[in-house]
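A.B. asks: Protein chains in written order, with this note's numbering: chain P, 167 to 281; chain Y, -12 to 100.
This is the structure, below, for whatever I ask next.
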């Protein structure tokens, strides 16, 4: 298995532009997580899906952020319009939550820079 | 507010010295996981602890879960330069409802050769 795949790996955009981050979870996993990592705030959970359904989006900063999971093998995180304070590394992670061992497998991340 | 505190924030050690990071919660934990993130990399799962007082070892790494299930520690014996990175604890809170894991801020370890 290739692991969790994220694209793009790097994104540089200007303030006000729309940004779409993509994630392909590990096949067979039933949960998907979007995180944001910055030096100041550490690793923050933005939203997570279970069986393609959004369960908790309380970490989504504001209405400019939206996430979808149209099927078990794909998810997107969209920022519209983007702002400089959105600059961070965005990780997608997937897991098979069974109640026994639910380790999360992280993708390589997307480094977003908003100018 | 912050539900899990991890200390220290930074640790610089000479190669060969031991290293310990601590994770503390005011809430009883269902379980705790530890992850390592190398510089420029992504978090990688190390271990999960579930039972009160549990101790697990992985080579030079020793993981411990407190008796009250409110704290945990990761101890590295005789650090090597390959141990460099940030170590995160991630906790599942019994009272957290639907949120599966809360990550600590991490402890960044530097090893001086």
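Where is the CB? At the ideal position from N, CA and C, for every residue including glycine.
Please list the partners that residue 263/P has in chain B, where partner means a Cβ-to-Cβ separation under 8 angstroms.
C.D. replies: Note that chain B does not occur in the displayed structure, where the protein chains are P and Y.
A.B. asks: Only counting the same chain, and skipping five residues up and downstream in sequence, which positions put a Cβ closer than 8 angstroms to that of residue 169/P?
C.D. replies: Once the five neighbours on either side are set aside, the close Cβ partners of residue 169/P are 192, 271 and 273.
A.B. asks: As an exercise, report each continuous beta strand (DSSP E) stretch of at least 3 residues that is fully enclosed by the segment 0 to 43 of chain Y, in chain order.
C.D. replies: Here the runs fully enclosed are 6 to 12, 16 to 24 and 31 to 36.
A.B. asks: Taking the beta strand (DSSP E) that residue 208/P belongs to, which residues open and close that run?
C.D. replies: Run containing residue 208/P: 208 to 216, per the beta strand (DSSP E) assignment.
A.B. asks: Are the C-beta atoms of residue 197/P and some chain Y residue less than 9 angstroms apart?
C.D. replies: Taking Cβ atoms only, chain Y reaches closer than 9 angstroms to residue 197/P, which makes this a yes.
A.B. asks: Taking only beta-carbon atoms, is residue 168/P less than 9 angstroms away from chain Y?
C.D. replies: With 9 angstroms as the cut-off, residue 168/P does not count as an interface residue toward chain Y.
A.B. asks: I'd like to know whether the C-beta of residue 20/Y is nearer than 9 angstroms to at least one C-beta of chain P.
C.D. replies: For residue 20/Y, the answer is yes, since a Cβ of chain P falls inside 9 angstroms of its Cβ.
A.B. asks: Give a yes or no on whether the minimum CB-CB distance between residue 231/P and chain Y is below 9 angstroms.
C.D. replies: Judged by the 9 angstroms Cβ criterion, residue 231/P is not in contact with chain Y.
A.B. asks: Would residue 242/P and residue 177/P be called neighbours here (beta carbons separated by less than 9 angstroms)?
C.D. replies: Taking 9 angstroms as the Cβ cut-off, residue 242/P and residue 177/P do not qualify as a contacting pair.
A.B. asks: Report the option in 30/Y, 21/Y and 99/Y whose CA atom is closest to the CA atom of residue 11/Y.
C.D. replies: Ranking 30/Y, 21/Y and 99/Y by Cα distance to residue 11/Y puts 21/Y first.
A.B. asks: State yes or no: is the C-beta of residue 72/Y within less than 9 angstroms of the C-beta of residue 25/Y?
C.D. replies: Yes, the pair counts as a contact, with Cβ atoms nearer than the cut-off.
A.B. asks: Indicate whether at least one CB of chain P lies closer than 9 angstroms to the CB of residue 44/Y.
C.D. replies: So, not an interface residue.
A.B. asks: Comparing C-alpha positions only, which one of -5/Y, 99/Y and 93/Y sits nearest to residue 205/P?
C.D. replies: That would be 93/Y, whose Cα lies nearest to the Cα of residue 205/P.
A.B. asks: From residue 23/Y to residue 196/P, what distance separates their C-alpha atoms?
C.D. replies: About 23 angstroms.
A.B. asks: Run the CB neighbour count on residue -6/Y, radius 10 Å, all protein chains shown included, and call it buried at 16 or more, exposed below.
C.D. replies: Under this definition residue -6/Y is an exposed residue.
A.B. asks: Check the DSSP bridge columns for residue 230/P and list the partner residues they point to.
C.D. replies: None, per the DSSP bridge assignment.
A.B. asks: Grab the span of the beta strand (DSSP E) containing residue 79/Y for me, first residue to last.
C.D. replies: Taken as a continuous stretch (DSSP letters only), the beta strand (DSSP E) holding residue 79/Y covers 72 to 80.
A.B. asks: So, for residue -12/Y: in the same chain, excluding its five sequence neighbours on each side, which residues have a beta-carbon less than 7 angstroms away from its beta-carbon?
C.D. replies: Here residue -12/Y scores only 49 on pLDDT, less than 50, and its place in the model should not be relied on; the value that follows carries that caveat. For residue -12/Y, where only same-chain residues beyond five positions count, there are no Cβ hits under 7 angstroms.
A.B. asks: Here's the rule: buried if 16 or more other CB atoms are within 10 angstroms of the residue's CB, otherwise exposed. What is residue 181/P?
C.D. replies: Answer is exposed; the Cβ neighbour count stays below 16.
A.B. asks: Just reading off the beta strand (DSSP E) that residue 259/P is part of, what are its end residues?
C.D. replies: Residue 259/P -> beta strand (DSSP E) spans 254 to 261.
A.B. asks: Tell me whether residue 207/P is buried or exposed, calling it buried when 16 or more other Cβ atoms sit within 10 Å of its Cβ.
C.D. replies: Label assigned to residue 207/P: exposed.
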